[in-house]
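**Q** Residue numbers (full-length UniProt numbering): 1 to 323.
Structure follows, in structure tokens:
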């Protein structure tokens, strides 16, 4: 299975989670076209609220207690770190990926049923993230400013060298976007970019002293963004990817999502084990196995938080597509 599409499938389902008030409600009304200022932190927070509810629903506390009891009854037989490792294994094995699959599959169906306007809105957070982090006037102006500061001292015959230098800086930005979102496959025509930059630099030379390097850098940023990296171009690119995803088999991708949850829980296995080790050392050795098991479950409830899921989701949104 293509890992790239798998990760995009997860992203899409998370956005559907974000857009639904509850499982019985249809997708919310899409925001207006000019409502583009989605905050990636806010999105991660809202997703975390819904994801933690679903993960919580996969944990059967009664079943977990019964599985912990045999270990707690032998608390004196193991060093605290060994007991913590064994307890962690029991806890992670209690997260039922099959049940999670059954909860997420209907969301995939909702995603497949999104119409073109709703699907377009799913692109908003990703495109906004790209624009806020990389492709914006402020960032491009900073990139071009060291170039435009050289215009006055550079002969016209050497202006093409400045254009090459500026284009190389744009290439770095595009590579950063493609590393984070390889599915977008941004591939602007660098020859055209270099040509336009060269023409702009030549035009700016007679007026650079009056306009100033920063103004020229900003004008150049606007030209390059509008012609090669406009909001509409980025949106259409990601929209096409999501449109393709709607045709994919949900069984395959939801299975991946359930496994992804398992993998990320495993990622925190060491942290959970360390917490449990400290807890077990502090436990009253005369306490009942039931009370000890209850203490451990309470600890997991405290630690398996929206903040934890928020960080997982935020990191995922920031690094999606990396192999």
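Glycine included, each C-beta is placed from N, C-alpha and C at the ideal position.
Return the residue from the list 117, 128, 115 that minimises the CA-CA distance to residue 229.
**A** By one-based count along the chain shown, residue 229 stands at place 229. Ranking 117, 128, 115 by Cα distance to residue 229 puts 128 first.
**Q** Roughly how many whole angstroms lie between the Cα atoms of residue 154 and residue 115?
**A** Indexing the chain shown from 1 puts residue 154 at position 154. Indexing the chain shown from 1 puts residue 115 at position 115. Residue 154 and residue 115: Cα-Cα distance of roughly 53 Å.
**Q** Output the distance between the C-alpha atoms of residue 144 and residue 164, rounded to the nearest integer angstrom.
**A** Within the chain shown, the letter at position 144 stands for residue 144. Within the chain shown, the letter at position 164 stands for residue 164. Rounded to the nearest angstrom, the two C-alpha atoms are 12 Å apart.
**Q** Given a cut-off of 8 Å on the beta-carbon distance, is the pair residue 151 and residue 208 in contact?
**A** Stepping through the chain shown from its first residue, residue 151 is reached at position 151. Stepping through the chain shown from its first residue, residue 208 is reached at position 208. Result yes, Cβ atoms of residue 151 and residue 208 sit closer than 8 Å.
**Q** What is the DSSP secondary structure of residue 153, counted as helix, strand or coil?
**A** By 1-based counting over the chain shown, the position of residue 153 is 153. Residue 153: coil per DSSP, three-state reduction.
**Q** Return the chain-ordered list of same chain residues with a C-beta closer than 6 Å to the C-beta of residue 148, the five sequence neighbours on each side being excluded.
**A** Position 148 of the chain shown, counted from the start, is the residue given in the question as residue 148. Here the set comprises 213, 216, 217.
**Q** For residue 210, is the classification buried or exposed, using 16 other Cβ atoms within 10 angstroms of its Cβ as the cut-off for buried?
**A** For the purposes of this step, residue 210 is taken as residue 210 along the chain shown, with counting starting at 1. So residue 210 ends up on the exposed side.
**Q** Does the beta-carbon of residue 244 have 16 or more other beta-carbons within 10 angstroms, so that it is buried, or is it exposed?
**A** Position 244 of the chain shown, counted from the start, is the residue given in the question as residue 244. Residue 244 is exposed by the Cβ-count criterion.
**Q** Between which two residues does the alpha helix (DSSP H) containing residue 208 stretch?
**A** Working through the chain shown from its first residue, we reach residue 208 at position 208. Note, residue 208: alpha helix (DSSP H), 208-211.
**Q** Quick check on residue 172: buried or exposed, where buried means 16 or more other Cβ atoms within 10 Å of its Cβ?
**A** On the chain shown, position 172 is the one that residue 172 refers to. The residue is exposed, with fewer than 16 neighbouring Cβ atoms inside 10 Å.
**Q** Would you decide whether residue 232 is buried or exposed? Buried here means 16 or more other CB atoms lie within 10 Å of its CB.
**A** As a first step, residue 232 is located in the chain shown; it is residue number 232 there, counting from the start. Residue 232 comes out exposed.
**Q** One question on the structure: do residue 123 and residue 221 come within less than 8 Å of each other, judged by their Cβ atoms?
**A** Translated into positions along the chain shown, residue 123 becomes position 123. Translated into positions along the chain shown, residue 221 becomes position 221. Not a contact, by the Cβ cut-off of 8 Å.
**Q** Taking 8 Å as the cut-off, decide whether the C-beta atoms of residue 241 and residue 177 are in contact.
**A** If you number the chain shown from 1, residue 241 lands on position 241. If you number the chain shown from 1, residue 177 lands on position 177. Cβ atoms of residue 241 and residue 177: not closer than 8 Å.
**Q** Please report how far the alpha carbon of residue 120 lies from the alpha carbon of residue 113, in whole angstroms.
**A** Position 120 of the chain shown holds residue 120. Position 113 of the chain shown holds residue 113. Rounded to whole angstroms, residue 120 to residue 113 spans 13 Å at the Cα level.
**Q** Mark residue 186 as exposed unless 16 or more other C-beta atoms lie within 10 angstroms of its C-beta, in which case mark it buried.
**A** The sequence position of residue 186 within the chain shown is 186, counting from 1. Its Cβ being crowded by 16 or more others within 10 Å, residue 186 is buried.
**Q** What did DSSP end up calling residue 230 once you bin it into helix, strand or coil?
**A** The sequence position of residue 230 within the chain shown is 230, counting from 1. Reduced to three states, the DSSP call for residue 230 is coil.
**Q** Taking buried to mean at least 16 other C-beta atoms within 10 Å of its own C-beta, is residue 203 buried or exposed?
**A** Indexing the chain shown from 1 puts residue 203 at position 203. Exposed, since its Cβ has fewer than 16 Cβ neighbours within 10 Å.
**Q** Helix, strand or coil for residue 136? Go by DSSP, reduced to three states.
**A** What you label residue 136 is simply residue 136 of the chain shown in a count that begins at 1. Of the three classes helix, strand and coil, the one that applies to residue 136 here is coil, per DSSP.
**Q** Report yes if the CB atom of residue 197 is closer than 8 Å to the CB atom of residue 167, and no otherwise.
**A** To locate residue 197, count along the chain shown from 1; it is residue 197. To locate residue 167, count along the chain shown from 1; it is residue 167. Result yes, Cβ atoms of residue 197 and residue 167 sit closer than 8 Å.
**Q** Using 8 Å for Cβ pairs, my map puts residue 225 next to residue 138. What's the rounded Cβ distance?
**A** Here residue 225 refers to the residue found at position 225 when the chain shown is read from its first residue. Here residue 138 refers to the residue found at position 138 when the chain shown is read from its first residue. That belief does not hold up - the Cβ atoms of residue 225 and residue 138 are roughly 11 Å apart, past 8 Å.
**Q** Starting from the Cα of residue 135, find the closest Cα among 246, 195, 175, 194 and give me that residue.
**A** As a first step, residue 135 must be located in the chain shown, where it is residue number 135. For the residues 246, 195, 175, 194, the minimum Cα distance to residue 135 belongs to 175.
**Q** With respect to the alpha helix (DSSP H) encompassing residue 162, which residues constitute its N-terminal and C-terminal limits?
**A** As a working note, residue 162 is residue 162 in the chain shown. Taken as a continuous stretch (DSSP letters only), the alpha helix (DSSP H) holding residue 162 covers 159-180.
**Q** Report the residue from 132, 189, 201, 180 whose alpha carbon sits nearest the alpha carbon of residue 160.
**A** Here the question's residue 160 lines up with position 160 in the chain shown. Considering only alpha carbons, the answer is 201.
**Q** Expressed to the nearest angstrom, what Euclidean distance is found between the alpha-carbon atoms of residue 194 and residue 205?
**A** In the chain shown, counting from the first residue as 1, residue 194 sits at position 194. In the chain shown, counting from the first residue as 1, residue 205 sits at position 205. Taking the straight line from one Cα to the other gives about 16 Å.
**Q** From residue 109 to residue 189, what does the alpha carbon distance come to, in whole angstroms?
**A** Residue mapping note: residue 109 aligns to position 109 of the chain shown, counting from 1. Residue mapping note: residue 189 aligns to position 189 of the chain shown, counting from 1. Those two C-alpha atoms are separated by around 38 Å.
**Q** Check whether the Cβ atoms of residue 111 and residue 227 sit closer than 8 Å, and answer yes or no.
**A** Residue numbering aside, residue 111 sits at position 111 when the chain shown is read from its first letter. Residue numbering aside, residue 227 sits at position 227 when the chain shown is read from its first letter. Not closer than 8 Å, so no.
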